[in-house]
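Sequential numbering from 1 applies to the sequence shown in the working numbering. We treat Cβ as the ideally placed atom computed from N, Cα and C, and that holds for glycine. Fair warning: this is a prediction, and the values are worked out from it, not measured in the lab. Data first, discussion second: the structure below is written as structure tokens.
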Amino acid sequence: MLLFLCLLRVAFTTFPAMAGETAGTGFGDAKALFVFARGGDSIDLDPLTMEDAESAKVCFQVCEPLVRISFTPAGQVLPQLTPWLASSWDVSPDGRTWTFFLRDGVLFHDATPFNAEAVLFNLRRGADSGLWHYDFEKMEALDICTVRLRLSIPVTPFLFLSSLPLMISPETARKKGEAFLREHPVGTGPFRFTEWRKQEYILLERFDDYWGDKARMDGVLFRLIESPLERLQALRSGDIDAFDGVTPEVLQRMTPRDREHLRLFSQPGMNVGFLTMDTRHKPFDDPRVRRAVAMAIDKKRLVTEVFRGLGIPAENMVPPNSFAFAPELRALPHDPARARALLVQAGLENGFDTELNVLPIPRPYMPDGDGVAARIREDLDRVGIRVTLVRKNWAEYLDDSYNHRYPLFLDGWIGTTGDPDDFLHALFRSDSVDNLSRYENDDYDRFVIGARRSWDPEERFIAYFRAQQLLRNEVPVVPLAHGYNLALARKNVEGFRLYATGEYRFSEISLTIPSRAEAHTSAPPDLSGTTVTLPKEEKDE
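Pasting the structure below:
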């Protein structure tokens, strides 16, 4: 077992040799680690079943897809894909037959080969899980490096390719079982999983037999530090190299000295924060009550007071950097008088009592769940809806949300493919596992299913527009805000980037040791391309 030492560190974290280890094995020697702090622990490291962003941060370092999303230099999604474990692919004119040509010489972390049979294992695993909405007529290996898939219906090419699963080792899955993968992922990525001490840290080690460019660091240490201000202090002291979950309070606490030694990364995220209402839980089964909730909430005040420059009010569930965003499709207006009238129409002239499950950790789409919940409670109380706030830890919050234990809960979503399907299909299709509002509408399902089958961008836009009209009218959720992706890093961190989808690529990172003179002449935080508001004395002139 590795000894986790809370050591002061300037540029590198070191782990002492373990008893019985020889030089060059594991982390027996002092190794250069990139230490990244976050506000919540991972829940499930199996890339097929993971549902939370904290787990995805780790999985994307360990496991890889056949095809990877491309980004602009500013980190926004491009409508094109990059060959990854598949070096190329072909698609038939009818959009149903896909042939993938795989890279040769790729190894999983257990030293078994990545090949056509491994791809088929992962695809069948996904299809058998019921978590996908793709129907395969046939899957076959044409040879060791070629896979052919036949779909029962055509699917939009970008959507299909970008949503293919991250690959895990069939050998490990068969020998160790599904439960093992949830805590010990085995992929082909630039880092391999080493250790998970829950509620403390996850340690990854560079995979020296990686097929592509080797990671620049010997490993990555994901540290759990729940308090944003404690993360800031750890960054100042050199205990960590970077952290996300940057809140307005953190930015307010930054000093001129912080500006000399730290760098702020920021960009518009592909995300949305929202209030979910369980449409099977009375009285939220009545659309009039849901509309009353939406019209009671003052989103402008909420974003101004809580986000403080780190987000914009949401008009609908699709963020502005998506091609399906329709500016003319406006959210229900803030109108408390109309909200009270709707409650009277629903037979609730005396209001009612309810409970709200609070998002417990900062997320790009909701940097302060407590602040958001407090203002929603105030707004709803003004129209007669009396809200009790429920606050638990990250794991309990997720468990409660997916098991529908509370009628209201704060939620959010990050689009990992950049496609509107990732929001509108995943969150609201009747049989989707992520449809936590339990919204059901046959017309809605028809629109989003049709959009994912179409190859015509205009046809897809129209289908998504109609789907969003239904959401606006029936209000299973209240879209609240679209937030900025934010992270703080020490100035000696090189290669750190933010991507709109929330993905991190830590293999590109390296650390330098700046001289004392350089540390005192470095530039202020890079705030280009964002409207983040810092205290007046910290703004660039």
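| Item | Value |
| --- | --- |
| Taking D550 as the reference, which of D445, E396, L356 has the closest Cα? | Only positions 1 to 541 of the chain appear in the structure, and residue 550 is not among them; the question remains open. |
| Please say whether T188 and V67 have beta carbons closer to each other than 8 Å? | no |
| Using alpha carbons as the reference points, say which of E183, I449, P283 lies closest to T49. | E183 |
| Tell me the DSSP secondary structure of I462 in three-state form. | helix |
| For S510, which residues from the same chain have a beta carbon less than 7 Å from its beta carbon, with the 5 sequence-adjacent residues on both sides left out? | R216, M217, E494, G495 |
| Since Y504 contacts G75 with CB under 8 Å, what's their CB separation in whole angstroms? | Their Cβ separation, rounded to whole angstroms, is 11 Å, which puts Y504 and G75 out of contact at 8 Å. |
| By the 10 Å Cβ neighbour count, where 16 or more other Cβ atoms means buried, how is Q267 classified, buried or exposed? | buried |
| Considering only DSSP beta bridges, list what E64 is partnered with. | M167 |
| Going by beta-carbon coordinates alone, are R438 and T279 separated by less than 8 Å? | yes |
| Should V293 go down as buried or exposed, given a rule of 16 or more other Cβ atoms within 10 Å for buried? | buried |
| Could you check which residue in H109, L102, A111, D110 has the C-alpha nearest to that of L120? | L102 |
| Whole angstroms are fine: how far does the CA of A339 sit from the CA of R263? | 44 Å |
| Around the C-beta of A179, are 16 or more other C-beta atoms found within 10 angstroms, so that it is buried, or is it exposed? | exposed |
| Quick one: Cα of L129 to Cα of R497, how far? | Leu is not the amino acid found at residue 129; the sequence shown has Ser there. Roughly 33 Å separates the two Cα atoms. |
| Which of the three DSSP states, helix, strand or coil, is assigned to N271? | strand |
| Nearest CA to the CA of R429: which residue from T416, I449, L410? | I449 |
| For the segment 320–334 against the segment 346–365, are there 3 or more C-beta pairs whose distance is under 8 Å? | no |
| Hey, out of D46, S227, D285, F284, whose CA is closest to S169's CA? | D46 |
| Per DSSP, what kind of secondary structure is T72 in: helix, strand or coil? | coil |
| Between the beta-carbon of A242 and the beta-carbon of F36, is there less than 8 Å? | yes |
| Which same chain residues, not among the five before or five after N122, have their C-beta less than 6 Å away from its C-beta? | P165, M167 |
| Determine the direct distance from the alpha carbon of R148 to that of A141, and round the result to whole angstroms. | 6 Å |
| Closer than 6 Å by C-beta to D90: which residues in its own chain qualify, once you throw out the five before and the five after it? Chain order, please. | T99 |
| Since T415 and F307 should fall inside the 8 Å C-beta cutoff, what is the C-beta to C-beta distance between them, to a whole number of angstroms? | Note on residue identity: the sequence assigns Gly, not Thr, to residue 415. Contact doesn't hold; Cβ gap of about 19 Å is too wide. |
| Using only CA atoms, which one of V344, Q199, A118 lies nearest to V289? | V344 |
| For the segment 222–234 and the segment 79–86, state whether three or more C-beta atom pairs, one from each stretch, are separated by less than 8 Å. | no |
| If contact is defined by three or more beta carbon pairs under 8 Å, each pair taking one atom from either stretch, is the segment 295–315 in contact with the segment 389–406? | no |
| Would you mind giving the Cβ-Cβ distance between S163 and T501, rounded to the nearest angstrom? I have them listed as a contact below 8 Å. | About 12 Å separates the two Cβ atoms, so there is no contact after all. |
| Out of curiosity, what's the CA-to-CA distance linking V155 and D421? | 11 Å |
| With a floor of 4 residues, list each alpha helix (DSSP H) that falls wholly inside the segment 415–473, ordered by position along the chain. | 421–428, 442–453 |
| How long is the line joining the alpha carbons of P228 and N485, rounded to whole angstroms? | 15 Å |
| Which residue's Cα is closest to the Cα of F193: D135, D213, S55, H281? | S55 |
| Can you tell me which of F506, F274, P287, D434 puts its alpha carbon nearest to the alpha carbon of N403? | D434 |
| Here's the rule I'm using: 16 or more other beta-carbon atoms within 10 Å means buried, otherwise exposed. How should L424 be labelled? | buried |
| Using the C-alpha atoms, what's the distance from L427 back to P157? | 21 Å |
| Note the first and the last residue of the continuous beta strand (DSSP E) segment covering L232. | No beta strand (DSSP E) holds L232; the alpha helix (DSSP H) holding it covers 228–237. |
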